[in-house]
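Heads up, the final residue of the sequence shown is numbered 1242 in the working numbering, and it's a clean run with no missing numbers.
For reference, the structure discussed in these notes is given below.
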Amino acid sequence: MEGTPILNPIARRSEMDSYKLFINGEFVEAANGKTFEAIDPGTEQPMATVAQAGKADAEAAIAAARKAFDSGVWSGLAPSARLAKLQDFADQIAQQGLRLAATESQNAGQIMNLAKFMPLLSIGFARNISLYAATKFPWEEEIPASGNAFGPGREFIRREPIGVCVGIIPWNFPMMMAMWKMIPALAMGNTVVIKPASYTPLTALILAEAAKAAGIPNGVVNVIAGSGGEVGKILCTHPDVDKVAFTGSTAIGREIMRMASSTVKKVTLELGGKSANIILDDADLSLAVEGATYGTFSHQGQICESGTRVLVSSKIYDQFVEMFKKRAEALRVGYQMDPTSHLGPLVSKEQLATVEGYVKTGKEEGAELITGGKRVEVKGIKGGYYYAPTIFVNVKNKMRIAQEEIFGPVVCVIKYDTDEEAVAIANDSIYGLGGGVFSSNTARAERVARGVRTGTMWINNYHIFADFCPFGGYKQSGVGRELGAEGLHEYTQVKRVHVSYVADRNTNMNFSLLSDNKKVEGFGYCCPTAVNAGRGALSSISKSIVDLGSRRALILTDPGVRKAGLADLVKNALADFCVGIYDKIPPDPDLESVDGATDAARELRADCIVSVGGGSVMDTAKGVCVTLKNGGKANDHLNFVVLTEPQTPHIAIPTTAGTGSEVTNVSVLTSKGAGRKLFIVDTRIMPNAAILDPRFTMTLPKEMTVATGMDAMTHAVEAMTSIMSNQICDGQALHAIRLISENLPLVVADGKNEKARLNMQIAATMAGWAFTIAQVGLAHGMAHTAGALHHVPHGAACGIVLPKVMRYNVDHATDKLALVAQALGVNTKGMKEREAALAAADAIEDLMKKVGHPLRFRDVGVPEDGLMMCAFHAIADTADLFNARPVNDPMEVFEIYKQAY
Ligand SMILES: NC(=O)c1ccc[n+]([C@@H]2O[C@H](COP(=O)([O-])OP(=O)(O)OC[C@H]3O[C@@H](n4cnc5c(N)ncnc54)[C@H](O)[C@@H]3O)[C@@H](O)[C@H]2O)c1
342 MEGTPILNPI ARRSEMDSYK LFINGEFVEA ANGKTFEAID PGTEQPMATV
392 AQAGKADAEA AIAAARKAFD SGVWSGLAPS ARLAKLQDFA DQIAQQGLRL
442 AATESQNAGQ IMNLAKFMPL LSIGFARNIS LYAATKFPWE EEIPASGNAF
492 GPGREFIRRE PIGVCVGIIP WNFPMMMAMW KMIPALAMGN TVVIKPASYT
542 PLTALILAEA AKAAGIPNGV VNVIAGSGGE VGKILCTHPD VDKVAFTGST
592 AIGREIMRMA SSTVKKVTLE LGGKSANIIL DDADLSLAVE GATYGTFSHQ
642 GQICESGTRV LVSSKIYDQF VEMFKKRAEA LRVGYQMDPT SHLGPLVSKE
692 QLATVEGYVK TGKEEGAELI TGGKRVEVKG IKGGYYYAPT IFVNVKNKMR
742 IAQEEIFGPV VCVIKYDTDE EAVAIANDSI YGLGGGVFSS NTARAERVAR
792 GVRTGTMWIN NYHIFADFCP FGGYKQSGVG RELGAEGLHE YTQVKRVHVS
842 YVADRNTNMN FSLLSDNKKV EGFGYCCPTA VNAGRGALSS ISKSIVDLGS
892 RRALILTDPG VRKAGLADLV KNALADFCVG IYDKIPPDPD LESVDGATDA
942 ARELRADCIV SVGGGSVMDT AKGVCVTLKN GGKANDHLNF VVLTEPQTPH
992 IAIPTTAGTG SEVTNVSVLT SKGAGRKLFI VDTRIMPNAA ILDPRFTMTL
1042 PKEMTVATGM DAMTHAVEAM TSIMSNQICD GQALHAIRLI SENLPLVVAD
1092 GKNEKARLNM QIAATMAGWA FTIAQVGLAH GMAHTAGALH HVPHGAACGI
1142 VLPKVMRYNV DHATDKLALV AQALGVNTKG MKEREAALAA ADAIEDLMKK
1192 VGHPLRFRDV GVPEDGLMMC AFHAIADTAD LFNARPVNDP MEVFEIYKQA
1242 Y
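If you want it as structure tokens, here you go:
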């Protein structure tokens, strides 16, 4: 042997150490008394005897881990309490540092120069991961918006330990791999059964001593050495094991997955690789050669993510190969504990035979062996599984030596012409574990790195692991990740907890699915829009802008409203706060209308939207406020109750009689893609302020006054009859109905009747508040459909169907409709409730006639043969969900359309 080993185990030992199994906090012999020998692969001499676990021992270890887990002695601790214990564990590992390093080196064949760092890395890993788990890991997380509008409540998730976690460890880095399995599992509150590889059982058992000395409770850590075939099978199939984490070959990984499937265990697998180390033509050659050398020959190539396919650009190929050969030949192969050795022995006779077999295959396949390809004899030592660093050049990626994992100091050099070709070759593999790119151009290297389908890419480096960076495989290189936050998540279960907002049978909309009683009893009421009403209310606008923290208001309007001079009125009131007027909003706006207005707002850097117009302008403005705040396009934000923050400030100035949209939580937008009207529904989109100034509705043409008045009427009536109706909404709706029935004829007779105009605005606002909470019903579903398919103005369509829908609902909302009749001025004295309810529908029709509202769809351009299609669309409108009478049958809806035709 050249040089003097720091620790010469052969010289040091008079008698062999013996190691026992660690089960339930005790070091014990195997139940059947069996032992085996741990071998020093550098001398082929035994270095320790080890108790060999069998079935009974595996079962005992599992039982101990199960009992410890279920008792809560570890899983029930606060993460900070576990942190304290794991820090003690790290201290104990530190105390065993020299022994661990020497044992690891001698038993695993790891050169001492590498093994001496392993305790240090292990300790750092334990400290980093356990601290992160205790202080930064998201154990509990609130979900601010659940995405289910029909099951309101608090939603949170808890991350909980999985249970008994088995860690099956490979022989290449026995100590570090045991730590990778143990620490995350323990930090997350699990208990573990660790099974080291039969070749290298010792350091895991020393770690068990450290765990015991640290006072980790009995049963939380168990370490059993034994054959993978016998013990592994029990660990992977036992019903009391919840998770198996395995590092090793892909062949065994498949088997483990198969075995674990019988009890559907969670599985993480870190498997084989055939990683590509890509040398670009602009690489610093001396660095790249060093990277290829370190990337393939470290630890004799027995590292899963080794860069065993070195892909070299044809432009630098010859020069690279020459330098690489020289570098490989300068590596010293020697006894692993000799500090001058660069490479130690392979781990076993079997592994040596595998490597020799592949080298033979490579030659037969036509690859050119330029160095190595043979065993090495180390002076002064008889035996030892030493093998020379071996380079094959002119390798074709299809060859077996380029496709199969060899796990030895054998590298394939493959030539390529373009970066794209290099990426394609790298990806032509069943594996995807690691990989490298060497280049002097980082942008180019990153492009290549992005293209490779693999779990890790190093640029101008290799074999760099880090505690907080995830490691794991694409494709057949594995399942799941180790290290980092991702690695910790693999050791937790996720539990979602829903705390219902409603603890009442009659308020739970979902439960009502299986019952005939659809009425929702309980309610919440929150309509945050501030209203300034009355002649001259416009003056309040500049104060509102300042209160909202805004300085740059964009007026949104439509051409008709602008032509009527209303936008300019607002512009003057805004003075310097106005950054522009956008007037391109069409009637019944679609998503593109919102996108156009949003672009204008972005260009003008608007921080506040002032909408001046009817429902079309306001719906657009709501969409703009959401899109401005959240980015992207309107189509990205169509949703129900998902917004968690205030949107761009919005002041609404209605100019119709009206839709009430100035106070509602809904934006109705046509989607050309979906072929129907879609919604944003969210309290966060309600305008911050609404200004009801009658001057703004004086110019509204008569037919619009009528149609929008009937829109407000429909809101109020449907809010009354909705299954979500409640006392507050009823009060608003009834007063709105009264105001509309009295004032609509007045404004039709005289559009300049200021008082009546204001009353209509107030009525529309109240109806809007009512329907925001109580929702609407089938009349809206049918009007939305007629609007989307046949462009019938919303208010007109609402009016046409309203009395028909009231009659359809008569037996499901009799009392409510009777109240509506009274509000409409019907003398219900002496009438039966149902009679009064039907009289309400008649009164609506009388009002429509009086104000000249269209009464039939045929009058507003709906073709008769379009009615059936309307019916099929209408039954899917969200508004129907709240209708007093359940809406399920398209033929019933068709019937109503026909009546309204
Ligand atoms: N979000 C909600 O809560 C809600 C409620 C009901 C309806 N809507 C939606 O509102 C839309 C219908 O809105 P709308 O009925 O108010 O009509 P609108 O906004 O489409 O306006 C119709 C026409 O009237 C003109 N106009 C409006 N005010 C005027 C005025 N004062 N003087 C002169 N011309 C004026 C406009 O220029 C336009 O040409 C539909 O898309 C409907 O889905 C939304």
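A virtual CB, placed ideally from N, CA and C, is assigned to each residue, including glycine.
Keep in mind the model is a prediction, meaning the values are calculated, not measured.
{"Item": "Buried/exposed call for residue 1063, threshold 16 Cβ in 10 Å", "Value": "buried"}
{"Item": "Nearest neighbour of residue 626, chosen from 442, 785 and 660 [CA to CA]", "Value": "660"}
{"Item": "C-beta contact flag for residue 1224 and residue 1168 at 8 angstroms", "Value": "no"}
{"Item": "The region 642-653 in contact with the region 796-810 per 3-pair CB rule at 8 angstroms", "Value": "yes"}
{"Item": "Same chain only: Cβ atoms within 6 angstroms of residue 446, ignoring 5 sequence neighbours per side", "Value": "453, 456, 677 and 678"}
{"Item": "Spatially closest choice to residue 808 from 826, 602 and 483, by CA coordinates", "Value": "826"}
{"Item": "Three-state class that DSSP yields for residue 586 in the structure shown", "Value": "strand"}
{"Item": "Contact test: residue 1243 Cβ vs ligand 1 heavy atom, cutoff 7 angstroms", "Value": "Here the chain covers residues 342 to 1242 and nothing more, so residue 1243 does not appear."}
{"Item": "Start and end residues, alpha helix (DSSP H) containing residue 1190", "Value": "1174-1192"}
{"Item": "Bridge partners - residue 799, DSSP secondary structure assignment", "Value": "777"}
{"Item": "Check whether residue 1155 and residue 1129 have beta carbons under 8 angstroms apart", "Value": "no"}
{"Item": "Continuous alpha helix (DSSP H) stretch holding residue 933: start and end", "Value": "932-944"}
{"Item": "Buried/exposed call for residue 604, threshold 16 Cβ in 10 Å", "Value": "exposed"}
{"Item": "Three-state secondary structure (DSSP) of residue 1140", "Value": "helix"}
{"Item": "Distance, residue 675 Cα to residue 347 Cα", "Value": "Unreliable positioning characterises residue 347 in this predicted model, as indicated by a pLDDT of 43, which lies under 50. The coordinate reading is nonetheless provided below. Residue 347 and residue 675: Cα-Cα distance of roughly 14 angstroms."}
{"Item": "Between the CA atoms of residue 1040 and residue 1199 - distance to the nearest angstrom", "Value": "28 angstroms"}
{"Item": "Touching by the beta-carbon criterion (3+ pairs, under 8 angstroms), the region 915-935 and the region 1063-1073", "Value": "no"}
{"Item": "Alpha helix (DSSP H) runs contained entirely in the region 637-696, provided each spans 4 or more residues", "Value": "658-670"}
{"Item": "Contact the region 853-863 vs the region 996-1015: 3+ CB pairs below 8 angstroms", "Value": "no"}
{"Item": "DSSP bridge partner residues for residue 1243 (one or two, in chain order)", "Value": "The structure shown does not extend to residue 1243, since the chain is modelled only from 342 through 1242, so no value can be given for it."}
{"Item": "Reference residue 955, options 835, 588, 790 and 1134, closest by Cα", "Value": "1134"}
{"Item": "Assigned secondary structure, residue 904 (DSSP; H/G/I helix, E/B strand, else coil)", "Value": "helix"}
{"Item": "Residue 542 vs residue 566 beta-carbon contact at 8 angstroms", "Value": "yes"}
{"Item": "Residue 766 beta carbon less than 8 angstroms from that of residue 801", "Value": "no"}
{"Item": "Residue 530 versus residue 547: straight-line alpha-carbon distance, rounded", "Value": "22 angstroms"}
{"Item": "Nearest to residue 707 (by Cα), restricted to the options 734, 715 and 692", "Value": "734"}
{"Item": "heavy atom of ligand 1 below 7 angstroms from residue 1092 C-beta", "Value": "no"}
{"Item": "Extent of the continuous beta strand (DSSP E) to which residue 299 belongs", "Value": "Any property of residue 299 remains undetermined from this structure, which presents the chain solely from 342 to 1242."}
{"Item": "Any 3 or more C-beta pairs closer than 8 angstroms across the region 995-1010 and the region 833-846", "Value": "no"}
{"Item": "Within the region 486-549, ranges of the beta strand (DSSP E) (whole runs, at least 3 residues)", "Value": "494-502, 505-509 and 532-536"}
{"Item": "8 angstroms contact criterion, which residue 736 and residue 619 should meet: CB distance rounded", "Value": "Not really, about 14 angstroms apart at Cβ, beyond 8 angstroms."}
{"Item": "For residue 1235, the three-state DSSP class (helix, strand or coil)", "Value": "helix"}
{"Item": "beta-carbon residue 981 near ligand 1 non-hydrogen atom, thresh 7 angstroms", "Value": "no"}
{"Item": "Cα-Cα separation between residue 570 and residue 698, rounded to whole angstroms", "Value": "24 angstroms"}
{"Item": "Three-state secondary structure assigned by DSSP to residue 806", "Value": "coil"}
{"Item": "Reference residue 777, options 771, 770, 786 and 1137, closest by Cα", "Value": "786"}
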